[in-house]
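To start, the structure itself, in C-alpha coordinates.
Residue numbers (my numbering): 13 to 215.
Structure follows, in C-alpha coordinates:
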(Lines of atoms letter the chains of each structure in order from A; the text may use other names.)
(Lines give C-alpha, C1' and ligand atoms only; values in the text may rest on other atoms or scores of the structure.)
Protein backbone atom coordinates (compact mmCIF):
# COMPACT_ATOMS: atom_id res chain seq x y z
CA UNK A 13 0.00 0.00 0.00
CA UNK A 14 1.37 3.43 -1.02
CA UNK A 15 2.13 5.72 1.89
CA UNK A 16 -0.11 8.77 1.97
CA UNK A 17 1.20 12.26 1.28
CA UNK A 18 0.40 13.43 4.82
CA UNK A 19 2.12 10.43 6.38
CA UNK A 20 5.20 11.22 4.29
CA UNK A 21 5.10 14.85 5.45
CA UNK A 22 4.82 13.70 9.07
CA UNK A 23 7.85 11.46 8.50
CA UNK A 24 9.90 14.43 7.29
CA UNK A 25 9.84 13.69 3.54
CA UNK A 26 10.42 17.13 1.97
CA UNK A 27 9.31 16.02 -1.49
CA UNK A 28 5.89 15.22 -0.02
CA UNK A 29 5.21 18.94 0.45
CA UNK A 30 5.23 19.49 -3.33
CA UNK A 31 3.12 16.36 -3.81
CA UNK A 32 0.62 17.70 -1.28
CA UNK A 33 0.35 20.95 -3.25
CA UNK A 34 -0.19 19.01 -6.47
CA UNK A 35 -2.73 16.60 -4.97
CA UNK A 36 -4.84 19.00 -2.94
CA UNK A 37 -4.19 22.46 -4.34
CA UNK A 38 -7.32 22.30 -6.51
CA UNK A 39 -9.54 21.03 -3.70
CA UNK A 40 -8.36 23.62 -1.19
CA UNK A 41 -8.56 26.45 -3.70
CA UNK A 42 -12.15 25.53 -4.65
CA UNK A 43 -13.15 25.45 -0.98
CA UNK A 44 -11.46 28.80 -0.33
CA UNK A 45 -13.19 30.41 -3.31
CA UNK A 46 -16.55 29.05 -2.16
CA UNK A 47 -16.14 30.48 1.32
CA UNK A 48 -14.23 33.68 0.49
CA UNK A 49 -15.23 35.85 -2.44
CA UNK A 50 -12.11 38.02 -2.54
CA UNK A 51 -9.31 36.40 -4.56
CA UNK A 52 -6.48 37.90 -2.48
CA UNK A 53 -8.10 36.74 0.77
CA UNK A 54 -8.72 33.30 -0.72
CA UNK A 55 -5.03 33.02 -1.67
CA UNK A 56 -4.01 33.96 1.88
CA UNK A 57 -6.45 31.37 3.25
CA UNK A 58 -5.02 28.66 0.99
CA UNK A 59 -1.52 29.36 2.30
CA UNK A 60 -2.76 29.22 5.89
CA UNK A 61 -4.53 25.92 5.22
CA UNK A 62 -1.42 24.28 3.76
CA UNK A 63 0.66 25.46 6.71
CA UNK A 64 -1.86 23.93 9.10
CA UNK A 65 -1.96 20.72 7.05
CA UNK A 66 1.80 20.35 7.38
CA UNK A 67 1.56 21.03 11.10
CA UNK A 68 -1.30 18.57 11.59
CA UNK A 69 -0.06 15.87 9.21
CA UNK A 70 0.93 13.61 12.10
CA UNK A 71 -2.70 13.48 13.28
CA UNK A 72 -3.91 11.86 10.05
CA UNK A 73 -5.06 8.27 10.55
CA UNK A 74 -6.06 6.35 7.39
CA UNK A 75 -8.04 3.93 9.56
CA UNK A 76 -10.39 6.76 10.57
CA UNK A 77 -10.93 8.72 7.36
CA UNK A 78 -9.67 9.09 3.81
CA UNK A 79 -6.83 11.55 3.32
CA UNK A 80 -8.97 13.85 1.15
CA UNK A 81 -11.62 13.91 3.90
CA UNK A 82 -9.03 14.92 6.48
CA UNK A 83 -7.68 17.64 4.18
CA UNK A 84 -11.17 19.02 3.53
CA UNK A 85 -11.96 19.02 7.25
CA UNK A 86 -8.80 20.98 8.10
CA UNK A 87 -9.54 23.41 5.27
CA UNK A 88 -13.13 24.05 6.33
CA UNK A 89 -12.18 24.58 9.97
CA UNK A 90 -9.62 27.18 8.96
CA UNK A 91 -12.07 28.88 6.58
CA UNK A 92 -14.80 28.91 9.22
CA UNK A 93 -12.42 30.54 11.71
CA UNK A 94 -11.30 33.09 9.14
CA UNK A 95 -14.82 34.07 8.10
CA UNK A 96 -15.98 34.19 11.70
CA UNK A 97 -13.24 36.71 12.55
CA UNK A 98 -13.99 38.82 9.49
CA UNK A 99 -17.74 38.90 10.04
CA UNK A 100 -17.49 39.17 13.83
CA UNK A 101 -19.99 36.33 14.12
CA UNK A 102 -21.69 35.93 17.51
CA UNK A 103 -20.27 33.68 20.20
CA UNK A 104 -23.13 31.22 19.87
CA UNK A 105 -22.04 30.42 16.32
CA UNK A 106 -18.52 29.60 17.46
CA UNK A 107 -19.96 27.06 19.88
CA UNK A 108 -21.89 24.98 17.37
CA UNK A 109 -20.72 25.77 13.85
CA UNK A 110 -18.04 23.05 13.69
CA UNK A 111 -20.46 20.39 14.94
CA UNK A 112 -23.10 21.53 12.44
CA UNK A 113 -20.57 21.42 9.63
CA UNK A 114 -19.87 17.77 10.42
CA UNK A 115 -23.52 16.84 10.97
CA UNK A 116 -24.47 18.21 7.57
CA UNK A 117 -22.14 15.60 6.09
CA UNK A 118 -23.63 12.76 8.12
CA UNK A 119 -23.07 10.21 5.36
CA UNK A 120 -19.36 10.92 4.91
CA UNK A 121 -16.24 9.53 6.54
CA UNK A 122 -15.67 12.84 8.30
CA UNK A 123 -18.34 11.93 10.83
CA UNK A 124 -15.99 9.24 12.10
CA UNK A 125 -13.51 11.94 13.05
CA UNK A 126 -15.97 13.67 15.36
CA UNK A 127 -17.78 10.52 16.54
CA UNK A 128 -20.48 11.00 19.14
CA UNK A 129 -20.29 14.79 18.93
CA UNK A 130 -21.28 14.70 15.26
CA UNK A 131 -24.04 12.15 15.90
CA UNK A 132 -25.53 14.38 18.57
CA UNK A 133 -25.27 17.43 16.33
CA UNK A 134 -27.17 15.54 13.63
CA UNK A 135 -29.92 14.62 16.10
CA UNK A 136 -30.20 18.24 17.19
CA UNK A 137 -30.23 19.42 13.58
CA UNK A 138 -33.10 17.04 12.79
CA UNK A 139 -35.22 18.76 15.45
CA UNK A 140 -35.21 22.02 13.48
CA UNK A 141 -37.82 22.87 10.86
CA UNK A 142 -37.00 21.88 7.29
CA UNK A 143 -36.53 25.53 6.32
CA UNK A 144 -34.12 26.15 9.21
CA UNK A 145 -32.18 23.07 8.17
CA UNK A 146 -31.92 24.35 4.60
CA UNK A 147 -30.76 27.77 5.77
CA UNK A 148 -28.09 26.31 8.08
CA UNK A 149 -26.96 23.83 5.42
CA UNK A 150 -26.45 26.63 2.91
CA UNK A 151 -24.85 28.94 5.49
CA UNK A 152 -22.51 26.58 7.32
CA UNK A 153 -21.67 23.91 4.76
CA UNK A 154 -21.97 25.75 1.44
CA UNK A 155 -20.76 29.09 2.77
CA UNK A 156 -23.61 30.99 1.11
CA UNK A 157 -24.42 34.54 2.15
CA UNK A 158 -27.80 35.38 3.67
CA UNK A 159 -28.64 37.43 0.58
CA UNK A 160 -27.96 34.47 -1.72
CA UNK A 161 -30.00 32.14 0.48
CA UNK A 162 -32.91 34.58 0.48
CA UNK A 163 -32.91 34.54 -3.31
CA UNK A 164 -32.56 30.75 -3.58
CA UNK A 165 -35.35 30.01 -1.10
CA UNK A 166 -37.55 32.98 -2.07
CA UNK A 167 -37.55 34.27 1.51
CA UNK A 168 -37.18 37.81 2.87
CA UNK A 169 -33.61 38.59 3.93
CA UNK A 170 -34.73 39.31 7.49
CA UNK A 171 -36.43 35.91 7.67
CA UNK A 172 -33.26 34.14 6.55
CA UNK A 173 -31.20 35.96 9.18
CA UNK A 174 -33.77 35.09 11.82
CA UNK A 175 -33.83 31.40 10.82
CA UNK A 176 -30.02 31.26 10.92
CA UNK A 177 -29.80 33.01 14.29
CA UNK A 178 -32.62 31.05 15.95
CA UNK A 179 -31.43 27.79 14.42
CA UNK A 180 -27.96 28.25 15.89
CA UNK A 181 -29.43 29.16 19.28
CA UNK A 182 -31.60 26.03 19.26
CA UNK A 183 -28.64 23.89 18.22
CA UNK A 184 -26.46 25.40 20.94
CA UNK A 185 -29.11 24.76 23.59
CA UNK A 186 -29.76 21.23 22.35
CA UNK A 187 -26.05 20.40 22.33
CA UNK A 188 -25.65 21.87 25.83
CA UNK A 189 -28.57 19.84 27.20
CA UNK A 190 -27.12 16.69 25.67
CA UNK A 191 -23.69 17.42 27.12
CA UNK A 192 -25.23 18.06 30.55
CA UNK A 193 -27.16 14.79 30.36
CA UNK A 194 -24.03 12.84 29.42
CA UNK A 195 -22.10 14.44 32.28
CA UNK A 196 -24.90 13.68 34.76
CA UNK A 197 -24.96 10.05 33.62
CA UNK A 198 -21.18 9.81 33.96
CA UNK A 199 -21.24 11.25 37.48
CA UNK A 200 -24.10 8.96 38.49
CA UNK A 201 -22.23 5.94 37.15
CA UNK A 202 -19.10 7.01 39.00
CA UNK A 203 -21.05 7.41 42.24
CA UNK A 204 -22.66 4.00 41.86
CA UNK A 205 -19.28 2.40 41.20
CA UNK A 206 -17.90 4.07 44.31
CA UNK A 207 -20.74 2.74 46.46
CA UNK A 208 -20.22 -0.77 45.12
CA UNK A 209 -16.49 -0.56 45.87
CA UNK A 210 -17.15 0.71 49.39
CA UNK A 211 -19.66 -2.08 50.05
CA UNK A 212 -17.24 -4.69 48.79
CA UNK A 213 -14.42 -3.41 50.99
CA UNK A 214 -16.61 -3.66 54.12
CA UNK A 215 -17.65 -7.25 53.47
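Built from N, CA and C at the ideal position, the CB exists for glycine as well.
Small disclaimer: the values here were computed from a predicted structure and weren't measured.
Assignment of beta strand (DSSP E) within the region 49 to 74, counting only whole runs of 3 or more residues, yields no such run. Cα atoms of residue 53 and residue 15: separation of roughly 33 angstroms, rounded to the nearest angstrom. Separation of residue 50 and residue 94 (C-alpha to C-alpha, rounded to the nearest whole angstrom) is 13 angstroms. Here the alpha carbons of residue 138 and residue 59 stand approximately 35 angstroms from one another.
A contact between stretches requires three or more CB pairs, one per stretch, nearer than 8 angstroms, and the region 31 to 47 meets this requirement with the region 72 to 83. Taking a contact to require three or more Cβ pairs closer than 8 angstroms, the region 156 to 167 and the region 183 to 194 do not qualify as touching. No Cβ-Cβ contact shorter than 9 angstroms links residue 132 with residue 179. Counting other Cβ atoms within 10 Å of its Cβ, residue 26 stays below 16 and is therefore classed as exposed. Remark: C-beta atoms of residue 19 and residue 69 approach each other more closely than 9 angstroms.
In this structure residue 148 is in contact with residue 176, their Cβ atoms being roughly 7 angstroms apart against a cut-off of 8 angstroms. Rounded to whole angstroms, the gap between the alpha carbons of residue 171 and residue 143 is 10 angstroms. Secondary structure of residue 37 (DSSP, three-state): helix. In the structure shown, residue 196 falls within a helical segment according to DSSP collapsed to helix, strand and coil.
When secondary structure is reduced to three states using DSSP, residue 44 falls in the helix class.
DSSP places residue 180 within a helical segment (H, G or I) once states are collapsed to three. Nearest to residue 134 by alpha-carbon distance, out of 90, 166, 182, is 182.
For residue 139, the three-state secondary structure derived from DSSP is coil. In the three-state reduction of the DSSP assignment, residue 26 falls in the coil class.
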